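Notes for the one structure printed next.
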Amino acid sequence: MFERYGGDENLYKEIAYSLEDLLKVIKKSITLPLLKYSLKYVARYLNFEWSAGDEASGVNSILWYQQYLEDPEKNKDILEKIIKYNEDDCRATRVVKDWLMTLQSKDLFSKL
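According to my numbering, the sequence shown is numbered sequentially starting from 302.
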């Protein structure tokens with residue numbers, strides 16, 4: 302991303318170093334009764350719901366964006382839907398992260 306957008310390379314490296322792939326943590330540490338371990342599956346397992354319901358998906362967000370670009374003035378509601386979907390993804394990630402931190406604080410990882 303730094304190469305594409307520029308900015309402070311040291312800050313970029315510091316941020317990138319501190320990121321953690323929650324999917325890898327879950328796959329490595331926990332067995333859940335799920336078909337997949339994607340954000341959608343895990344967050345829904347933890348009772349998180351996207352405001353767009355079953356419509357919520359990465360593929361749909363791309364389609365929504367294409368629709369928005371066809372007529373940005375007319376399709377402002379679609380842009381709002383995309384923004385809400387992305388906000389929901391961030392909230393879902395936070396739910397999963399907080400759940401993992403709860404497991405860690407209860408020292409459940411060492412018992413798995």
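The C-beta atom is built at its ideal place from N, Cα and C for all residues, glycine as well.
Source: prediction; values computed, not measured.
Practice task
Please determine, among Gly359, Ile327 and Ser362, the residue with the shortest C-alpha to C-alpha distance to Leu404.
Solution key: In this structure, Ile327 is the residue among Gly359, Ile327 and Ser362 with its C-alpha nearest to the C-alpha of Leu404.
Problem - Per-residue DSSP class, three states only, for Asn348 - result: coil
Handout entry: Residue interval of the alpha helix (DSSP H) (run including Ile316)
Key = Glu310 to Ser319
Exercise for the section: Please confirm whether Ala393 and Ala344 have their CB atoms less than 7 angstroms apart. Expected result: yes
Exercise for the section: Compute the beta-carbon to beta-carbon distance between Gln368 and Asn376, rounded to the nearest angstrom, for a pair I have assumed lies under 8 angstroms. Expected result: 6 angstroms
Exercise for the section: Quick one: give me the first and last residue of the alpha helix (DSSP H) that Gly359 is part of. Expected result: Gly359 to Glu371
Problem - Buried versus exposed, by CB contacts within 10 Å (16 or more), Ile316 - result: exposed
Exercise for the section: Please work out which residues of its chain come closer than 7 angstroms, Cβ to Cβ, to Ser362, disregarding the five sequence neighbours upstream and downstream, and give them in chain order. Expected result: Ile383 and Tyr386
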